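Here the structure is laid out as structure tokens; the discussion comes afterwards.
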Amino acid sequence: MPAPRRSRAAMSADTTERLIAAARRQFAEKGFAAVVMDDLCAEVGLTRGALHHHFGGKAGLFSAVVQHLLDAINQALDARYDSHTDPWEGYIDTCLHYYDLLHDPALRRILLQDAPAVLGPRLRELEEASYIGPMVQGLVELQQAGRLRAFDAVAMAHLINGAMGDSGMWVVAQDDPQQAAERVKAALRCLLEGLQL
Numbered sequence: 001m002p003a004p005r006r007s008r009a010a011m012s013a014d015t016t017e018r019l020i021a022a023a024r025r026q027f028a029e030k031g032f033a034a035v036v037m038d039d040l041c042a043e044v045g046l047t048r049g050a051l052h053h054h055f056g057g058k059a060g061l062f063s064a065v066v067q068h069l070l071d072a073i074n075q076a077l078d079a080r081y082d083s084h085t086d087p088w089e090g091y092i093d094t095c096l097h098y099y100d101l102l103h104d105p106a107l108r109r110i111l112l113q114d115a116p117a118v119l120g121p122r123l124r125e126l127e128e129a130s131y132i133g134p135m136v137q138g139l140v141e142l143q144q145a146g147r148l149r150a151f152d153a154v155a156m157a158h159l160i161n162g163a164m165g166d167s168g169m170w171v172v173a174q175d176d177p178q179q180a181a182e183r184v185k186a187a188l189r190c191l192l193e194g195l196q197l
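Heads up, the sequence shown is in full-length UniProt numbering, so the first residue is 1 and it goes up one at a time.
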């Protein structure tokens with residue numbers, strides 16, 4: 001009996017996944033500027049036309065890789081939060097765990113080094129959708145539970161996210177990023193604990 005034919009949607013999803021996986025590796029190893037699209041397409045056995053059809057070009061593919069990384073970070077942070085029974089400790093630990101994720105070279109190179117220059121304001125939009133919403137929700141729930149002082153949760157989420165983004169870039173630029181991460185984590189815990197009632 002012949003094998004069932006794959007749907008067009010399944011083939012499209014497979015092509016997209018293959019391109020994103022190869023691009024993530026190459027962008028992490030070489031940096032955005034050094035990745036050659038013809039070489040990338042040849043590696044996965046696809047044409048340049050397939051790349052343009054799915055992503056519109058190199059910048060579109062890079063944006064998809066960034067979104068893929070943000071989704072992976074969110075999954076890791078959600079799992080970290082779910083490991084706690086106390087929601088406030090979970091919130092703090094989830095923020096601190098972000099710095100542990102910076103040990104991933106792909107995350108450091110793609111998100112912290114190349115993405116701000118390549119994507120510009122688009123990176124802010126992606127981060128807004130990925131980080132700010134969950135941060136605001138967590139803060140509001142903790143305020144409603146009587147755990148935190150009264151403040152504007154949206155403004156506070158932007159402050160926390162900005163502090164984490166800037167300090168993350170500082171961490172990866174240090175000679176000993178792991179030690180720098182521990183210093184930042186201790187400082188961030190002090191700041192967050194100041195939000196409590």
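In this text, a Cβ means the ideal position worked out from N, Cα and C, and glycines have one as well. Note that the structure is a prediction, hence the values are computed from the model and not measured.
Exercise for review: Answer with buried or exposed for Ala74, where buried requires no fewer than 16 other C-beta atoms within 10 angstroms of its C-beta.
Suggested key: The identity of residue 74 in the sequence shown is Asn, whereas the question assumes Ala. Per the 10 Å Cβ criterion, exposed.
Exercise for review: Report buried or exposed for Thr85, applying the criterion of at least 16 other Cβ atoms within 10 angstroms of its Cβ.
Suggested key: Under this definition Thr85 is an exposed residue.
Review point. Do the region 133-141 and the region 110-117 touch if we need at least three Cβ pairs shorter than 8 Å?
Key: no
Review point. Should the region 84-102 be regarded as contacting the region 162-170, the criterion being three or more beta carbon pairs within less than 8 Å?
Key: Contact holds: three or more Cβ-Cβ distances are below 8 Å.
Review point. Among Gly162, Gly49, Gln179 and Ala42, which residue has its Cα nearest to the Cα of Cys95?
Key: A check of alpha carbon separations from Cys95 across Gly162, Gly49, Gln179 and Ala42 identifies Gly162 as the nearest.
Point to revise | Identified DSSP bridge partners for residue 253 | key: Outside the shown range of the chain (1 to 197) lies residue 253, about which nothing can therefore be said.
Check your understanding: Secondary structure at Ser7, three-state DSSP: helix, strand or coil?
Key -> coil
Check your understanding: In whole angstroms, what separates the C-alpha of Trp88 from that of Glu193?
Key -> 9 Å
Review point. Should Leu148 and Leu188 be called a contact, given that it needs their Cβ atoms to be closer than 8 Å?
Key: no
Check your understanding: What first and last residue would you give for the alpha helix (DSSP H) that runs through Phe62?
Key -> Run containing Phe62: Lys58 to Asp82, per the alpha helix (DSSP H) assignment.
Point to revise | Whether Thr16 touches Leu46 by CB criterion (8 Å) | key: Not in contact: Thr16 and Leu46 (Cβ atoms no closer than 8 Å).
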